[in-house]
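Undergrad: Input: one structure, supplied below.
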Amino acid sequence: MPTLFLVDDDEMLRERMGRALTSRDYDVVEAGTYEEAVEHLDTLRPDRAVLDLKMPGGSGLLLLKLLRERSPETKVVMLTGYGSIANAVDAMREGAVGYIAKPADADQVLAAFDAQPALYAETTSQDFQPPSLAEAEWNHIQQVLADCDGNLSQASNLLGIPRRTLQRKLKKLAP
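Residue numbers (the numbering used here): 222 to 396.
Below, the structure is given as structure tokens:
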């Protein structure tokens with residue numbers, strides 16, 4: 222039975238996901254804090270791990286680095302309620318195979334492990350080219366506009382910039 226290391230400070234989510242993954246034939250080891258997770262890493266070499274990005278005592282990215290040092294063959298998916306492009310890029314650069322936002326269920330977590338197995342096996346940090354700042358800004362603006370159904374006034378309010386500035390950015394940054 223494969224071992225899955227589940228680290229999340231949200232007790233209800235951790236217990237619910239732990240039960241669901243156990244029912245899918247995983248031996249689930251749980252931790253609720255950074256310190257507790259580090260203690261488990263002294264002896265645990267899991268096949269897979271699901272790590273919360275932000276938790277008491279330390280960052281999920283620091284835990285990811287430590288886990289990759291001690292168990293480089295472990296596939297890791299980052300789980301977070303604070304999704305951002307920069308965090309996803311950092312997690313992938315450190316060796317995570319997936320990055321999903323809360324709330325997530327067991328099926329989404331397992332799908333994230335299997336979504337890009339070739340990328341996991343062959344990608345190195347030198348192969349990865351992060352998006353430029355202009356691309357990241359453009360993508361963010363487009364996402365906010367899509368969320369607002371194209372309403373410039375609402376999007377500019379959400380972005381915290383004047384409507385005219387948003388219009389200039391749309392003209393200037395267009396690919």
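Ideal placement from N, C-alpha and C gives every residue a C-beta, glycine not left out.
Write down every uninterrupted run of the alpha helix (DSSP H) in the region 293-326 whose length is 4 residues or greater and which is fully enclosed by it, in chain order.
TA: Counting whole runs of 4 or more residues, the region 293-326 contains the alpha helix (DSSP H) stretches 306-314.
Undergrad: Return the bridge partner residues of Phe226 from the DSSP annotation.
TA: Mapped onto the sequence shown, residue 226 falls at position 5. Phe226 pairs with Val250 and Ala270.
Undergrad: Can Met222 and Asp248 be called in contact, C-beta distance under 9 Å?
TA: Numbered from its first residue, the sequence shown carries residue 222 at position 1. Numbered from its first residue, the sequence shown carries residue 248 at position 27. Yes, the Cβ-Cβ distance between Met222 and Asp248 is below 9 Å.
Undergrad: Out of curiosity, what's the CA-to-CA distance linking Asp273 and Ala357?
TA: For the purposes of this step, residue 273 is taken as residue 52 along the sequence shown, with counting starting at 1. For the purposes of this step, residue 357 is taken as residue 136 along the sequence shown, with counting starting at 1. Straight-line Cα distance between these residues: approximately 23 Å.
Undergrad: Which residues in the same chain as Leu340 place their Cβ atom closer than 6 Å to its Cβ, once the five residues preceding and following it in sequence are excluded?
TA: Within the sequence shown, residue 340 is the residue found at index 119, counting from 1. Its pLDDT being 46, under 50, Leu340 is placed unreliably by the model, and the measurement read from it follows with that caveat. Here the set comprises nothing.
Undergrad: Just to confirm the assignment, what range does the alpha helix (DSSP H) spanning Leu284 have?
TA: By one-based count along the sequence shown, residue 284 stands at place 63. Segment Gly281 to Arg291, the alpha helix (DSSP H) holding Leu284.
Undergrad: Excluding five sequence neighbours on each side, which residues of the same chain lie with their C-beta closer than 6 Å to the C-beta of Leu242?
TA: By 1-based counting over the sequence shown, the position of residue 242 is 21. So the list reads Leu225, Val249 and Ala327, once near-sequence residues are dropped.
Undergrad: Apply the 10 Å Cβ neighbour rule to Met176 and answer buried if 16 or more other Cβ atoms are within range, or exposed otherwise.
TA: In the structure as shown, the chain begins at 222 and stops at 396. Residue 176 is therefore absent and cannot be evaluated.
Undergrad: In whole angstroms, what is the alpha-carbon distance linking Cys167 and Ser353?
TA: Nothing in the structure corresponds to residue 167, since the chain is present only between 222 and 396.
Undergrad: Quick check: what's the CA-CA separation for Leu394 versus Trp359?
TA: Within the sequence shown, numbered from 1, the residue matching residue 394 stands at position 173. Within the sequence shown, numbered from 1, the residue matching residue 359 stands at position 138. About 6 Å.
Undergrad: With distances taken between CB atoms, is the gap from Leu285 to Val297 smaller than 9 Å?
TA: Your numbering for residue 285 matches position 64 in the sequence shown. Your numbering for residue 297 matches position 76 in the sequence shown. It is a contact, given that the beta carbons lie within the stated cut-off.
Undergrad: Along the alpha helix (DSSP H) that carries Thr243, what are the first and last residues, could you check?
TA: Position 22 of the sequence shown, counted from the first residue, corresponds to residue 243. Segment Glu232 to Thr243, the alpha helix (DSSP H) holding Thr243.
Undergrad: If Tyr255 and Gly279 are in contact, beta carbons under 8 Å, what's the gap, nearest whole angstrom?
TA: For the purposes of this step, residue 255 is identified with residue 34 of the sequence shown, where counting begins at 1. For the purposes of this step, residue 279 is identified with residue 58 of the sequence shown, where counting begins at 1. With a Cβ gap of about 3 Å, Tyr255 and Gly279 count as contacting.
Undergrad: How would you write the range of the alpha helix (DSSP H) that Asp368 sits in, first residue to last?
TA: Within the sequence shown, the letter at position 147 stands for residue 368. Per DSSP, Asp368 belongs to the alpha helix (DSSP H) from Leu354 to Asp368.
Undergrad: Near Asp268, what residues of its chain come up, given a Cβ to Cβ distance below 6 Å and the 5 sequence neighbours on each side ignored?
TA: On the sequence shown, residue 268 is found 47 positions in, with the first residue counted as 1. These residues qualify, in order along the chain: Pro223 and Thr224.
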